[in-house]
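To keep things clear, I will list the structure first and then write my remarks on it.
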Ligand SMILES: NC(=O)c1ccc[n+]([C@@H]2O[C@H](COP(=O)([O-])OP(=O)(O)OC[C@H]3O[C@@H](n4cnc5c(N)ncnc54)[C@H](OP(=O)(O)O)[C@@H]3O)[C@@H](O)[C@H]2O)c1
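Residue numbers (the working numbering): 94 to 381.
Written as structure tokens, this is what we have:
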């Protein structure tokens, strides 16, 4: 059995990933939470990793409040950026493979919308969150063996997310305004867990892999699909990013184009499901 350390088990992705791996007879799974391991504490990270000697270390811990990162950049940079070096260095001490979860926000999102981002394209984060996560990628790449999985528009049972927000709003509102000019792939934590498990099984060439559900949409159409599948009558009023910014001036700028190519993932035999199917499965559980 390969030993696996899931860091950030108290988060939306980390919680589901831990449960799944723990039920997989191939792995002996260990977890840490923010209470048991602050990844900013270099010595504590080294001690934990040396104690377990995992084959895989999966870092699901992060400071994920995108708007909060703008006002707390030091904290964001410490957790999302600098702390990843602690994990990469510790991984090297025990020859472990690091799996780091990253984000579409490492790009500026200004690519023409008839094009999609491949892994080798120039990064240029515009938000504080994106900048801190890019530092995390650079530090993850200091591990001798690493995978950086860039995901986007993530939702899952165990955390705050867009799907839950829409469902909550629909219980009190007849109409919601949602942005219609930002393009990307809604991604369920279940699909991302499946991708991670496949990467662990196949161990393709180390490097960066774009890891989202298949297909692209805009937030307003994502909201419409949520309401359609959940049988909700609330109307979606599509608005532009500019109109949204006028309504919420303190919100951080979101990328217009967050469309990540999955060709590299396909080339190693990993084929995520279509976002609509993943959403349907999620809603079946969420609305039980
Ligand atoms: N959510 C998205 O839409 C999205 C999109 C693209 C990429 N991602 C990436 O996907 C990964 C998983 O995201 P998620 O949504 O599952 O995140 P999440 O639910 O916010 O979980 C992150 C966890 O990390 C913990 N944490 C924060 N600071 C820590 C520290 N210093 N030491 C140890 N743990 C710490 C958090 O604890 P507290 O809650 O107590 O702070 C939280 O439990 C992250 O790398 C994120 O950047 C997410």
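Each residue gets a CB set at the ideal place from its N, CA and C atoms; glycine is no exception. Please read all numbers here as calculations on a predicted model, not as lab measurements.
- With fewer than 16 other CB atoms across the displayed protein chains lying within 10 angstroms of its CB, residue 342 is exposed.
- Within the same chain, 225, 228 and 229 come within 6 Å of residue 174 by CB-CB distance, once the 5 residues on both sides are set aside.
- Using a 10 angstroms sphere on the CB of residue 298, the tally of other CB atoms stays under 16, which defines it as exposed.
- Residue state for residue 309 is assigned as coil, using DSSP reduced to three classes.
- By the 16-neighbour rule on beta-carbons within 10 angstroms, residue 211 is exposed.
- Secondary structure at residue 229: helix, using DSSP grouped into helix, strand and coil.
- Here residue 142 is not near residue 114, since their CB atoms are 8 Å or more apart.
- In this structure, the C-beta of residue 130 approaches ligand 1 to less than 7 Å from one of its heavy atoms.
- The DSSP assignment places 135-145, 159-164, 166-169 and 176-187 as complete runs of the alpha helix (DSSP H) inside the segment 122-197, in order along the chain (cut-off: 4 residues).
- For residue 95, the closest alpha carbon among the candidates 112, 146, 135 and 137 is that of 146.
- Annotation for residue 344: no alpha helix (DSSP H) segment contains it, and DSSP assigns it neither H nor E.
- Rounded to the nearest angstrom, the gap between the Cα atoms of residue 99 and residue 306 is 22 Å.
- Within the segment 345-379, the complete alpha helix (DSSP H) runs of at least 4 residues fall at 356-360 and 368-379.
- Judged by DSSP in its simplified three-state form, residue 107 adopts helix.
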